[in-house]
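In the numbering used here, the protein residues as written are 392 to 1373.
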């Protein structure tokens, strides 16, 4: 926020700079406020996470104990096996964490954040007081008795459009600095003028005016509040959050470094230290980068207000300076809050530096987003199991910031390229750096590692980079489409439309990555839920057929590929807006054709470049008919393909094929009948247009899918009416109830596959164009915009857009109960056990086995056994007393023991929900104990209710047998503990 040039520096003045005929750097806004917001989100997320870790040290937190009790070996169990063991015993594990690894109460976390916010607010208010304290600065009136300077500043403030001049003070000690600085708040700013600047005023009045206008530009641009608020928040974080966290890490090392399981805990502690260091680097680099940008914006603003370009004294380059020195200078600039004078000079001549999607901001945005999203998800899951909509909302917050920062930068880059006749960036480089940042931040935050140093499958992070590149490329392509067509005075409506769509797409990706991708990096896969691929196939076809089917163990390559695809897509089924994201990818560019292009220079262009000639931008929008016609024809081809597939399958059914194979062929055949013509439509559409081939191919492919799916529905709904064959007992009737099956088993995979097909065909055409002759004219370059009259074209576009979002709307409504339900532990466990994942029992050392059974006993097993023993003894004592008193048979007096029988049955139910004993023989005894305890308790209740004395006696013998089994289990655990040295 200061402009300082050492007195006596002799350099060149940028007098060749002309403020006219240049692109206004304010077009679409700078986007720096969003980057500040992302920084604040990073500090808040890191603060809550570090508080949780510190709270663990101050409480009886024992997360490792619950894992050991669940049979997890922290030394050898892979992350994917950790996921499986926990999910299969989720009721016991979740209950264990609530009792022995519970986070700090939510009210403590809330108060903690409020205290941090309050302290940051207090520091924010005190910073200007400290900077303007007596003894450091003096009021301007002390050096300006006649008010000349005050009048000059007031005149410049009026030029800047400020309602009143800022408070003015002077730093008399800063004689060697000819600069100034503003601080305080936007509504109560203070400008501190250095004594050197006052001296310079007499020798260089234009330089004085330029510096003051620069500082006034900071005020007008609203830089002060957000800058110093971030400073205050960071200093509070560094003073009150980081030290306790570092103390936690040191304590964990001091206390646990000699533990048997330290090798499993060490990565967690190390990542905590790495995360702390990364936080410092991220915040400093991001803040410095934003402030450097705002300095250049202030320079440009001052120039626009009439500041003499010669007012900036710029040190000349040293001719003897080595290349290595210049490289080091550029690197050192990354850490400074002010740009080098060479950078500022270049920006005064040409504002291109303000319009590029530079590598550093993209990388910092990605790294920050990964850390924030991981921490927010982790924090929320400490207190509640998340529903689908809760996961979507949590991811949406981070996605909105990322889409805003990246989207604005890419739009500005496209606008600058178009209006300066430069090559429009593809967005691929920006996407790469965004992906690298997301990968680096994710690894630092521990994504996919569990308790390992690195993920089991680090190659899974290639998906992060790929999606980031695709996202940045899509944003850029949409910007290129909309900017050449939009006729109105501002681009903000279409910018917001694109960013909202991008936010939805990113939020879906964030949810999938946090729930499925991270597990994939940890060694898990969607097929891990089934012992074999054939059983996964059986689950798929059984769901479609509505009854259990058991097919052959060997699958064809096509069936195996389709099974894998559906298993992968099943993970996306739990994301509420997954299909909405697919629709947004092609509907947003489709809506361009609903806009009437400008016949002269669009109003937004004249605002951005006032001297722009009133000629329209060269529109590269292809005709709509060239985009939609291949899609419609492809959909009609799908109708014929669906009819042919259906007829051939029913003719083959006469040979009585395996039911599972028949259903699989039915599914695969119908999906391919829709997807293959859609892929062909994408290829043809790409060939028929000269520009925007990728988006045109995407629109055409999705159109073909929608039209083709209608054909599948008609054939299925009229089965028995058309001469295509059918089940032996089929009759001609209308069956609209088949739509849910078609939606989930045909339309959903077809939409995803069509998106992939459009991307592949675009890549193939790009490769073909490179091999073709460069002199070959582009195919299909026609000036017409499309289908009939503008009203007709607009109606076609709107109808197709509504159809594009219809599958998503149906899924949201259909799955609303599932997406809104907060899953309880029993539901999570039942879902896992239903799919029967395989968890191999790897051999463990005697020391680890002893720890496992010891924690199993300590965290609940011993209580259950003791509870059963105490209640059983009370029951037997009561029965003995009854018999000794001469009682016989089931009488009212004997029925007084009924609560004890019920309590024993309850203990058996609780024991059934507890962890498996982490020892094969011990677990066999435990299952026998649970079974006999339940039989004895429930048999006692039934006998008392029915009045059968013989059954009551039998239940007592059963309970005695359960007690004996429990004693044998105790002995087994004692033996294992002795072997392990406990």
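Glycine is no exception: its CB is placed at the ideal position from the N, C-alpha and C atoms.
Check your understanding: Span of the alpha helix (DSSP H) holding residue 1096?
Key -> 1084-1108
**Study point:** Pick from 947, 950, 467, 438 that is closest to residue 656, judged by C-alpha positions
**Key:** 467
Point to revise | residue 1025 versus residue 986 - alpha carbon distance | key: 26 Å
Review point. If we count the other Cβ atoms within 10 Å of its Cβ and call it buried at 16 or more, is residue 844 buried or exposed?
Key: exposed
Review point. Where does residue 665 fall in DSSP's three states?
Key: helix
Check your understanding: Nearest to residue 1366 by alpha carbon, out of 1302, 1240, 1304, 1326?
Key -> 1240
Point to revise | Supposed close pair residue 494, residue 774 - CB separation, criterion 8 Å | key: A Cβ-Cβ distance of about 7 Å is found for the pair residue 494 and residue 774, placing them in contact under the 8 Å criterion.
Check your understanding: Does DSSP put residue 1260 in a helix, in a strand, or in coil?
Key -> Helix, per DSSP.
**Study point:** residue 502, buried or exposed, once every other Cβ within 10 Å from all chains shown has been counted against 16
**Key:** The residue in question, residue 502, is exposed, as its Cβ has fewer than 16 Cβ neighbours within 10 Å.
Check your understanding: Hey, out of 819, 444, 601, whose CA is closest to residue 698's CA?
Key -> Scanning 819, 444, 601 for the CA closest to the CA of residue 698 turns up 601.
Check your understanding: residue 776: which of 1212, 1323, 633, 1223 sits nearest, CA to CA?
Key -> 1212
Practice item. Return the first residue and the last residue of the beta strand (DSSP E) that residue 558 is part of. Key: Residue 558 -> beta strand (DSSP E) spans 558-562.
Practice item. Starting from residue 575, follow its DSSP beta bridges and name the residues at the other end. Key: For residue 575, which the question treats as bridged, DSSP gives the partners 580.
Point to revise | For residue 1247 and residue 1264, the rounded distance between their alpha carbons | key: Approximately 24 Å between the Cα atoms of the pair.
Practice item. Would you mind sorting residue 1123 into buried or exposed? The rule is 16 or more other CB atoms within 10 Å of its CB. Key: exposed
Exercise for review: Could you tell me which of 782, 747, 789 sits nearest to residue 802, measuring between CA atoms?
Suggested key: 747
Review point. If you pair each beta-carbon of the region 921-931 with each one of the region 865-875, do three or more pairs fall below 8 Å?
Key: no
Check your understanding: On the premise that residue 981 lies in contact with residue 1090, defined as a C-beta separation below 8 Å, what is that separation, rounded to the nearest angstrom?
Key -> 5 Å
**Study point:** residue 729 in three-state terms, based on DSSP
**Key:** It is coil, neither helix nor strand.
Practice item. Using the Cα positions of residue 1363 and residue 914, report the straight-line distance between them to the nearest angstrom. Key: 34 Å
Check your understanding: Tell me which same chain residues have a C-beta within less than 7 Å of the C-beta of residue 1319, skipping the five on either side of it?
Key -> 1356
Check your understanding: From residue 610 to residue 769, what distance separates their C-alpha atoms?
Key -> In a straight line, the C-alpha of residue 610 is about 39 Å away from that of residue 769.
Point to revise | Reduced DSSP secondary structure (H/G/I, E/B, other) of residue 880 | key: coil
Practice item. Could you name the residues of the same chain whose beta carbon sits closer than 7 Å to that of residue 918, not counting the 5 residues immediately before and after it, in chain order? Key: 924, 927, 955, 958
Practice item. State yes or no: is the C-beta of residue 1339 within less than 8 Å of the C-beta of residue 1281? Key: yes
Review point. Rounded to the nearest angstrom, how far is the Cβ of residue 889 from that of residue 798, given a contact under 8 Å?
Key: 6 Å
Check your understanding: Helix, strand or coil: how does DSSP classify residue 525 here?
Key -> strand
Check your understanding: Where does the unbroken alpha helix (DSSP H) through residue 741 begin, and where does it stop?
Key -> Following the DSSP letters along the chain, one finds residue 741 in no alpha helix (DSSP H), marked with neither H nor E.
Review point. Hey, how far is the Cα of residue 1326 from the Cα of residue 489?
Key: One C-alpha to the other measures close to 30 Å.
Practice item. Would you give the residue range spanned by the alpha helix (DSSP H) that residue 1290 belongs to? Key: Where residue 1290 is concerned, the enclosing alpha helix (DSSP H) stretches over 1289-1304.
Practice item. Could you pull out every residue in the same chain whose Cβ sits closer than 7 Å to the Cβ of residue 627, ignoring the five residues on either side in sequence? Key: 507, 510, 511, 514
Check your understanding: For the alpha helix (DSSP H) that residue 1351 lies in, which residues bound it at each end?
Key -> Residue 1351: member of the alpha helix (DSSP H) spanning 1340-1370, first to last residue.
Review point. What is the residue span of the alpha helix (DSSP H) that residue 463 lies within?
Key: Per DSSP, residue 463 belongs to no alpha helix (DSSP H) and is neither H nor E.
Check your understanding: Using 8 Å as the Cβ pair cut-off and three pairs as the minimum, do the region 574-593 and the region 680-690 touch?
Key -> no
Practice item. State the DSSP-derived secondary structure class of residue 700, mapped to helix, strand or coil. Key: helix
Point to revise | DSSP state of residue 341 mapped onto helix, strand, coil | key: With the chain represented from 392 up to 1373, any question about residue 341 goes unanswered, as that position is not in the structure.
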